[in-house]
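**Q** Please read through the structure below; I'll follow up with questions.
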Amino acid sequence: MSKIEFMQGNTACAEGALAAGCRFFGGYPITPSTEIAEHMARRLPKTDGVFVQMEDEIASIAAVIGASWTGARAMTATSGPGFSLMMENIGYAVMTETPCVIVNIQRGGPSTGQPTMGAQGDMLQCRFGSHGDYSTIALSPSSVQEMYDLTAKAFNLADRFRVPVFVMSDEVIGHTRERITIPDRVEIVTRRPLEKGTLPFRGGDDGVPGFPEFGMGHGVHVTGLTHDERGYPEATDPHVHAALVQRLVSKVESARHDIADYEVVNPDAETVFVTYGPPTRSVKQVMHDQPDEGVGHLHLRIVWPFPERLLRLFTNAKTFIVPEMNMGQVAREVERHTDLPVISVPKLGGELHTPGELRTLLEARP
Amino acid sequence: MRHEIRFSGFGGQGIILSAVILGRAAALYDHNYAVQTQVYGPEARGGASMSAVIISDEPILYPEVTDPDIYVIMSQQGFEKYGTRPAPEAVMLIDADLVHSRPPCTFYEIRSTTEAKTALGRVIVANIVMLGALVAVTGVVSTAAIEKAVLDSVPRGTEELNMKALRRGFELGDKEVDTR
Chain A
1 MSKIEFMQGN TACAEGALAA GCRFFGGYPI TPSTEIAEHM ARRLPKTDGV
51 FVQMEDEIAS IAAVIGASWT GARAMTATSG PGFSLMMENI GYAVMTETPC
101 VIVNIQRGGP STGQPTMGAQ GDMLQCRFGS HGDYSTIALS PSSVQEMYDL
151 TAKAFNLADR FRVPVFVMSD EVIGHTRERI TIPDRVEIVT RRPLEKGTLP
201 FRGGDDGVPG FPEFGMGHGV HVTGLTHDER GYPEATDPHV HAALVQRLVS
251 KVESARHDIA DYEVVNPDAE TVFVTYGPPT RSVKQVMHDQ PDEGVGHLHL
301 RIVWPFPERL LRLFTNAKTF IVPEMNMGQV AREVERHTDL PVISVPKLGG
351 ELHTPGELRT LLEARP
Chain B
1 MRHEIRFSGF GGQGIILSAV ILGRAAALYD HNYAVQTQVY GPEARGGASM
51 SAVIISDEPI LYPEVTDPDI YVIMSQQGFE KYGTRPAPEA VMLIDADLVH
101 SRPPCTFYEI RSTTEAKTAL GRVIVANIVM LGALVAVTGV VSTAAIEKAV
151 LDSVPRGTEE LNMKALRRGF ELGDKEVDTR
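For the protein sequence lines, the chains are A and B, in the order given. Sequential numbering from 1 applies to the first sequence in my numbering. Sequential numbering from 1 applies to the second sequence in my numbering.
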């Protein structure tokens, strides 16, 4: 039986993770993500799981990567400065193809910025923040319900593609309490085990190698250095490096339309809002208050890899409007994929776009 | 049906808990939709704290309170920061011993802190007295729903005290309405 709850976003994140089978949390508390660590600290010891408060965020992500190699579904949660500290080891997780979930409850930056205010300023950091070329997956909840659902889903994506997956939420959703439905059970798709006699870093048809289960007799070398398909360092052969990095990128990018999770409203519209996270709520309010078939909405629940084909579902589109709680980070990605005008609606300071602000923008349309 | 309720007072009065309990009553026991938000700031520890609830029979899209129709104000600083510009048709409950200003809208004077201290012997339940008065005056949630939500939310062993506080709040609210 599903259950109705009145729950905070951060709690829903922790509960979604637990429902998905997360049994390891390594973290360091930071506003506005702390409630996730607090909830995991209360709940995990009562399961067969482990909660560890590490000395900082560098150690936190390192512990999560280690836990994942034992086969556990593992996560951490942080914000702004903590996310910056995690960048190097996020690259290590990418290179070693370690499934894990990293929750970023975004706050205003740069630096310590606005610890108690919401933002979406780390959307490019989660895409490009670690050095080198790579591709990962980033989900963006716009409600407490989506916080639960998408956190659970993040674990499946991490295991399926063997990548670090980001839940890029923010203070607004993290600290809001809403009615949510806790399902009976969530869908769980675990990592494909490495078959005996197969090389541990040779991609399958989908580019994803099988995962060598701990204790099953696989002798595997795991390194952040460029490695061959056996996992041994091969850091000077240009072909080995190119093949590895191209596979790491393409295993995610080639599946982007399959990974996509979205909602489309009024596909015949000429003016189309593109949103992810909290501004989605502002757009939905505008469209509810003044129904207009000329106004469409593409709501992305997964922002990276960017599913550019969805823009073309709006065949009559003349303009895309992208409200974001940053200075236009995803608007730039939209621009890259269309010849139509893209209006970026940045908002800084921690407050969500009001429906009134968006209405004014619509009224100013030619 | 849609209500936007804004609570303000000083950090430590249980302003945020009041809003959480109200949202819980609406969402879980009256089977409506509810969203609760709050201002998280360093000033929330002793300074003016604020929390808000939207209650609706339809899903709530934009989650922030923009135009409250109900205010609960439990400190002068809270009034000054969050209560000076109510809509003329709004309703405000104020702790009359802690707030000396009066708003340009319908208001009810509830002496919740004094009542908690003298009649109940525990100042800590002032917010629950106020919550009872709020429900009696506005009917924004049912009395059965708020009773259940209070019981869910208070520490074990304090249920009786909190129920007494809530019912005292109902009486104070009813009395204020009757004397109009």
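All C-beta atoms, glycine included, are put in the ideal place defined by N, C-alpha and C.
Given residue 123 of chain B, which residues of its chain have a CB within under 7 Å of its CB, disregarding the five upstream and five downstream residues?
**A** 113, 116 and 117
**Q** Closest Cβ-Cβ distance between residue 82 of chain B and chain A: below 8 Å?
**A** no
**Q** Is the CB of residue 23 of chain B under 8 Å away from at least one CB in chain A?
**A** yes
**Q** What does DSSP give as the partner residue(s) for residue 304 of chain A in the beta ladder?
**A** For residue 304 of chain A, the beta-bridge partners assigned by DSSP are A/138.
**Q** With a 10 Å radius around its C-beta and 16 neighbouring C-beta atoms as the bar for buried, classify residue 153 of chain A as buried or exposed.
**A** buried
**Q** Could you tell me whether the Cβ atoms of residue 10 of chain B and residue 78 of chain B are closer together than 8 Å?
**A** It is a contact, given that the beta carbons lie within the stated cut-off.
**Q** Does any residue of chain A have a CB that is nearer than 8 Å to the CB of residue 27 of chain B?
**A** yes
**Q** List the residues of chain A that residue 64 of chain B touches, going by C-beta distances under 7 Å, in chain order.
**A** 352
**Q** Is residue 74 of chain B near residue 130 of chain B, with beta carbons less than 8 Å apart?
**A** Contact flag set, yes.
**Q** With a threshold of 8 Å on Cβ separation, who are the neighbours of residue 137 of chain A within its own chain once the five nearest residues in sequence on each side are excluded?
**A** 154, 157, 158, 161, 163, 165, 166, 252, 259, 302, 304 and 305
**Q** Which partner residues of residue 233 of chain A appear in the DSSP bridge assignment?
**A** A/227
**Q** For residue 87 of chain A versus residue 49 of chain A, is the C-beta spacing smaller than 8 Å?
**A** no
**Q** Mind pulling the chain B residues with CB within less than 7 Å of residue 140 of chain A?
**A** Within 7 Å Cβ-Cβ: nothing; residue 140 of chain A doesn't reach chain B, min ~15 Å.
**Q** For residue 275 of chain A, which of A/227, A/243, A/319 and A/330 has the nearest alpha-carbon?
**A** Taking only the C-alpha atoms, the option nearest residue 275 of chain A is A/330.
**Q** Check residue 60 of chain B in the structure and name its three-state DSSP category.
**A** coil
**Q** What are the boundary residues of the beta strand (DSSP E) that residue 104 of chain A is part of?
**A** Looking at the DSSP string, the run of the beta strand (DSSP E) that includes residue 104 of chain A is 100-108.
**Q** Cβ closer than 9 Å: which chain A residues qualify as neighbours of residue 36 of chain B?
**A** 6, 8, 176, 177 and 178
**Q** Just to check my reading of the structure: residue 201 of chain A and residue 230 of chain A have Cβ atoms closer than 8 Å, yes? What is that Cβ distance to the nearest angstrom?
**A** 7 Å
**Q** Determine which residues of the stretch 268-298 of chain A have a Cβ less than 7 Å from any Cβ of chain B, and write them out in chain order.
**A** 281, 282, 284, 285 and 288
**Q** Given this structure, state the Cα-to-Cα distance separating residue 34 of chain A from residue 78 of chain A, to the nearest angstrom.
**A** When rounded, the distance between both Cα atoms is 8 Å.
**Q** Short of 8 Å Cβ to Cβ, which residues in the stretch 48-77 of chain B face chain A?
**A** 60, 61, 62, 63, 64 and 66
**Q** To be precise: take each residue of the stretch 148-169 of chain A, compare its Cβ to all Cβ atoms of chain B, and keep it if any distance is under 7 Å. Which residues remain?
**A** Identification of residues in the stretch 148-169 of chain A having a C-beta nearer than 7 Å to some C-beta of chain B yields an empty set.
**Q** Helix, strand or coil: how does DSSP classify residue 20 of chain B here?
**A** Here residue 20 of chain B carries a helix assignment [DSSP, helix/strand/coil].
**Q** Which word fits residue 316 of chain A, buried or exposed, when buried means at least 16 other C-beta atoms lie within 10 angstroms of its C-beta?
**A** Residue 316 of chain A comes out exposed.
**Q** Relative to chain B, which residues along the stretch 75-94 of chain A have a C-beta separation below 8 Å, given in chain order?
**A** none
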